[in-house]
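When we follow UniProt numbering, the leftmost residue of the sequence shown carries the number 1, and every step to the right adds one. All C-beta atoms in this analysis are idealised placements derived from N, C-alpha and C, irrespective of residue type, glycine included. For clarity, every value in this text was computed on a predicted model and none was experimentally measured. A short worksheet on the structure shown next.
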Amino acid sequence: MMKIGSIINGQERIEDNREIVAVHNPFNNEKVAELKLATKKDLEDAVTNSFEKFHSEMKVMPAHQRADILRKAADLLVDKTEDFATIISKEAGKPIKYSRGEVERSIQVLRFASELAKNIPGEMIPMDAAIGGEHRMGLVKREPLGVVGAITPFNFPLNLSLHKLAPALAAGNTVVFKPAEKTPISACMLVKLFQEAGLPDGVINLLIGTGEEVGSALVTHDKVAKISFTGSLPVGKNIRETAGLKKVTLELGSNSPNLLFEDANIDYATTELVKGAFAFSGQVCISAQRIYVHKEIYDSFLEAYIQKTKALRMGDPISEETDIGPMINEEEAKRAKEWIDDAVDKGARIAVGGERNGTILSPTIMTDVDENMKIIAEEVFAPIVSVIPFNTEEEAIEYSNDSIYGLQAGVFTRDINRALRVADRLEMGGVWINEISTYRQDNHPYGGVKQSGVGREGVKYAIEDMTEMKFIGIKIDQN
Ligand SMILES: NC(=O)c1ccc[n+]([C@@H]2O[C@H](COP(=O)([O-])OP(=O)(O)OC[C@H]3O[C@@H](n4cnc5c(N)ncnc54)[C@H](O)[C@@H]3O)[C@@H](O)[C@H]2O)c1
Ligand SMILES: O=C[C@H](O)CS(=O)(=O)O
1 MMKIGSIING QERIEDNREI VAVHNPFNNE KVAELKLATK KDLEDAVTNS
51 FEKFHSEMKV MPAHQRADIL RKAADLLVDK TEDFATIISK EAGKPIKYSR
101 GEVERSIQVL RFASELAKNI PGEMIPMDAA IGGEHRMGLV KREPLGVVGA
151 ITPFNFPLNL SLHKLAPALA AGNTVVFKPA EKTPISACML VKLFQEAGLP
201 DGVINLLIGT GEEVGSALVT HDKVAKISFT GSLPVGKNIR ETAGLKKVTL
251 ELGSNSPNLL FEDANIDYAT TELVKGAFAF SGQVCISAQR IYVHKEIYDS
301 FLEAYIQKTK ALRMGDPISE ETDIGPMINE EEAKRAKEWI DDAVDKGARI
351 AVGGERNGTI LSPTIMTDVD ENMKIIAEEV FAPIVSVIPF NTEEEAIEYS
401 NDSIYGLQAG VFTRDINRAL RVADRLEMGG VWINEISTYR QDNHPYGGVK
451 QSGVGREGVK YAIEDMTEMK FIGIKIDQN
């Protein structure tokens, strides 16, 4: 049985006097690992050590060395792709083909960070633009912040962790890393991979513990300069309220809309939206949750969408054939089924799916829905999607914007003028044209408006958020 614990200054803490919690495979309930949970004392040791290592290691480490470590980590991850993909499938229940995709993206994130570590540019200010500013020179440098607290969710345990760790290191910070306690095994393997790549001990300290015990204490610690959090809205709000004057990046939830106009390619859109709504059982923050379809194509869209959804294969995430695996636990599957029942009680119809078997919820398409149902108003985070007709462009925009969230949307039309007009009016952090809301690349700015979050990730943009500008002015001696 794999036993894992926190890693502080290079040493894994797995002594027996710690509280033990097991990680189970959500598909078959097999025990995958035992966790030795971190305590408040571990948290204190981790932050103190990362603070010291910021001054003794990272502040003096040149950019080319940081870039080399990140590139080496990428190369090692290439060699270990199958090990990481397998463990993600076991700890999260993610179908293996999607776990492999996550590892491939993680390798790219490391490579982007390696390239950008050598290219964190400053600025020269034209000081004589201000009256009296003659004979002065102004420079702006970007400096690392110090200790970054990285708190991550269960659904992309490797890639979303790297979206914090890799830019933090590229910028010259140290990190105290608190991964989701539901999926901590790939996180532990990742920290060991960085050790192998030559990262000095203590530059990343790992805390295997709960949000309540160590996550919240990390957020309020006065030696932590920034919290970078990805997770749910309630926890994000709590972090915003308790972090004090720290910088905070929050990547939160969504109920992403996709809009299909009458000239959209139905065959292409239905194929993509099956992935967009049901990949990893909808447990993706930008999962297609609401699909607004012009009334002219509503019936043909729905028919094709139902047929393609029925073809999905449910089963063991480790099997190559599986499209739909379990949700993260039975509690979540029950919660999602209750939301379907709530909608049906209020007049909705199940077009396909709606059946729960343990942790597996069958891919579900709902119709006849309205904004008073949880499956529309809240983040569903499950394999449930609603298809809703609209009459006019104005209506489609209004329905899409009627949400507390605003992360990503998809717009399907062949009319580029309409596409750009609609994109401009959608209240979102990002809009894709002729692409599903669920698509993300790791090099574009990514983050939400409204209650979907604060700040941006995407390696270059995360580096900006993990550095501080320093101005240096020089008065030039005229003698
Ligand atoms: N916008 C994005 O980029 C993005 C990406 C992935 C997931 N998400 C969101 O994440 C959610 C699903 O993930 P989850 O269930 O793991 O989220 P979660 O909020 O339950 O947990 C996320 C992390 O926060 C920690 N945590 C819990 N309570 C805490 C506290 N009081 N203080 C500090 N840390 C605490 C957890 O231990 C975990 O590591 C969904 O809402 C989804 O939309 C957003
Ligand atoms: O769950 C939300 C994630 O941000 C999706 S992705 O890993 O960035 O594609």
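Do residue j and residue i have their beta-carbon atoms positioned less than 8 Å apart in this structure?
| i | j | result |
| --- | --- | --- |
| residue 386 | residue 291 | yes |
| residue 350 | residue 171 | no |
| residue 158 | residue 84 | yes |
| residue 154 | residue 178 | no |
| residue 200 | residue 308 | no |
| residue 249 | residue 304 | no |
| residue 225 | residue 148 | yes |
| residue 384 | residue 318 | no |
| residue 43 | residue 218 | yes |
| residue 133 | residue 471 | no |
| residue 150 | residue 169 | no |
| residue 255 | residue 379 | yes |
| residue 324 | residue 297 | no |
| residue 188 | residue 4 | yes |
| residue 275 | residue 438 | yes |
| residue 466 | residue 145 | yes |
| residue 393 | residue 422 | yes |
| residue 156 | residue 102 | yes |
| residue 230 | residue 213 | no |
| residue 435 | residue 410 | yes |
| residue 25 | residue 93 | yes |
| residue 448 | residue 429 | yes |
| residue 135 | residue 433 | no |
| residue 365 | residue 286 | no |
| residue 295 | residue 342 | no |
| residue 81 | residue 105 | no |
For the alpha helix (DSSP H) holding residue i, just list the boundary residues, first then last.
| i | result |
| --- | --- |
| residue 350 | Counting along the chain, residue 350 falls outside any alpha helix (DSSP H), though it belongs to the beta strand (DSSP E) covering 349-352. |
| residue 156 | Note, residue 156: premise wrong, no alpha helix (DSSP H); not H, not E. |
| residue 286 | Counting along the chain, residue 286 falls outside any alpha helix (DSSP H), and DSSP gives it neither H nor E. |
| residue 308 | 298-310 |
| residue 279 | That residue, residue 279, is in no alpha helix (DSSP H); it is neither H nor E in DSSP. |
| residue 367 | No alpha helix (DSSP H) contains residue 367, which is instead part of the beta strand (DSSP E) from 364-367. |
| residue 195 | 185-196 |
| residue 218 | 216-220 |
| residue 551 | The shown model of the chain, from 1 to 479, leaves out residue 551, and the question about it has no answer. |
| residue 409 | Per DSSP, residue 409 belongs to no alpha helix (DSSP H); it is in the beta strand (DSSP E), 408-412. |
| residue 43 | 40-56 |
Would you call residue i buried or exposed, if buried means 16 or more other Cβ atoms sit within 10 Å of its Cβ?
| i | result |
| --- | --- |
| residue 56 | exposed |
| residue 478 | exposed |
| residue 376 | buried |
| residue 37 | buried |
| residue 62 | exposed |
| residue 160 | buried |
| residue 460 | buried |
| residue 31 | exposed |
| residue 268 | exposed |
| residue 300 | exposed |
| residue 440 | buried |
| residue 347 | exposed |
| residue 90 | buried |
| residue 58 | buried |
Along the beta strand (DSSP E) that carries residue i, what are the first and last residues, could you check?
| i | result |
| --- | --- |
| residue 380 | Per DSSP, residue 380 belongs to no beta strand (DSSP E) and is neither H nor E. |
| residue 205 | 204-206 |
| residue 224 | 224-230 |
| residue 127 | Neither: residue 127 is in no beta strand (DSSP E) and is coded neither H nor E. |
| residue 469 | 467-475 |
| residue 24 | 20-24 |
| residue 257 | 257-260 |
| residue 6 | 2-8 |
| residue 252 | Segment: none, residue 252 is in no beta strand (DSSP E) and carries neither H nor E. |
| residue 140 | 136-144 |
| residue 178 | 174-178 |
| residue 199 | Unbroken run through residue 199: none, as it is neither H nor E. |
| residue 436 | First-last for residue 436: undefined, no H or E at that position. |
For residue i, verify whether its CB is less than 7 Å away from any heavy atom of ligand 4.
| i | result |
| --- | --- |
| residue 235 | With respect to ligand 4, the structure shown offers nothing to examine, as its ligands consist of ligand 1 and ligand 2. |
Within the 8 Å Cβ cut-off, does residue i reach chain D?
| i | result |
| --- | --- |
| residue 414 | Among the protein chains of the structure shown there is no chain D, as only one such chain exists. |
Check each residue's C-beta against every heavy atom of ligand 2 and list, in chain order, those closer than 6 Å. That query returns the following residues: 155, 156, 159, 160, 284, 285, 286, 440.
Tell me, please, whether the segment 71-81 touches the segment 109-119 by the rule of three or more beta-carbon pairs shorter than 8 Å. Here the segment 71-81 makes contact with the segment 109-119; the two share three or more CB pairs at distances below 8 Å.
Given 8 Å, three or more beta-carbon pairs between the segment 328-343 and the segment 353-373: Short answer: they touch.
Under 8 Å, with one C-beta from each stretch per pair, do the segment 126-143 and the segment 449-459 reach the 3-pair mark? By the Cβ criterion, the segment 126-143 is not in contact with the segment 449-459, since fewer than three pairs of Cβ atoms, one from each stretch, lie closer than 8 Å.
Between the segment 317-333 and the segment 401-413, do at least 3 Cβ pairs fall closer than 8 Å? By the criterion of at least three beta-carbon pairs nearer than 8 Å, the segment 317-333 is not in contact with the segment 401-413.
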